[in-house]
């Protein structure tokens, strides 16, 4: 299903997007050496419910997971890049943490992810990997607009990631979003320009470049959810929800004031 939002629905999407961004910004500020992943999940739960919103994850039970997910946010540490199930783990100095959050408010969802390094240690290879996903995300957004095609976005993202030297997995990528978290069209993180669905004003897309340092192969953790790099290498993930407008694309998941 591909949804095209009305102006009223787009207004609600902006509210959902700002909420997701604000929660992620707050959680990043609270995530320090000694923080437990389960505390991050509890903080996310409190902020979502206090805002009168709903988690897109608690009851999420797709075919590829061992569902329902049962938590309010995805927390991936170091080699865990997607669908990180919160667990009893205390963050250490230099850990690379990915937070992925999807929330629905007034019937419209928004989705975003950030990766950052906890504590004082800043391993250069981790900094470079996070930077590559953020640059790829900006390139994908710049390629989006009315009349562009999904392949244009995929090509822009993939070009940045491959030029930075990272293998690209296209099994999981960006997606349409609206009344539900995951919709068509699928937006691979590599592709051919000029191919795929033509973008229209009112379409919402969640774009999410993610990479693993030295492999494109994923393995599923024993929890049935967490996807890790097959080699144990570090990973990074950046994501925004955007709305296609009459003259380009608007990022909906920026913290208020940015």
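Numbering (the numbering used here), first residue to last: 71 to 328.
Virtual Cβ for every residue (Gly too), placed ideally from N, Cα, C.
Predicted, not measured: the structure shown is a model, and the values here were computed from it.
Backbone secondary structure at residue i - three-state DSSP
i: residue 95; result: helix
i: residue 255; result: strand
i: residue 76; result: coil
Residue i - partner residues in DSSP beta bridges
i: residue 240; result: Residue 240 pairs with nothing; no bridge assigned.
i: residue 219; result: 268
i: residue 145; result: 169
i: residue 299; result: 288
i: residue 282; result: 305
i: residue 312; result: 275 and 321
i: residue 160; result: 106
i: residue 139; result: Residue 139 is not bridged to any residue.
Close-in-space but distant-in-sequence residues of the same chain around residue i (CB under 8 Å, 5 per side omitted)
i: residue 217; result: 268 and 269
i: residue 203; result: 185, 231, 279, 280, 281, 306, 307 and 308
Cβ neighbour criterion (16 or more within 10 Å) applied to residue i
i: residue 222; result: buried
i: residue 134; result: exposed
i: residue 90; result: buried
i: residue 212; result: exposed
i: residue 94; result: buried
i: residue 191; result: exposed
i: residue 131; result: exposed
Residues near residue i in its chain [Cβ-Cβ closer than 6 Å; skip 5 each side]
i: residue 154; result: 144, 145, 146 and 296
i: residue 261; result: 221, 224 and 225
Same chain, Cβ closer than 7 Å to residue i, five either side skipped, listed in chain order
i: residue 271; result: 216, 314, 315 and 316
i: residue 325; result: 91, 92 and 95
i: residue 142; result: 111, 114, 115, 118, 125, 127 and 128
8 Å contact criterion, which residue i and residue j should meet: CB distance rounded
i: residue 277; j: residue 310; result: 6 Å
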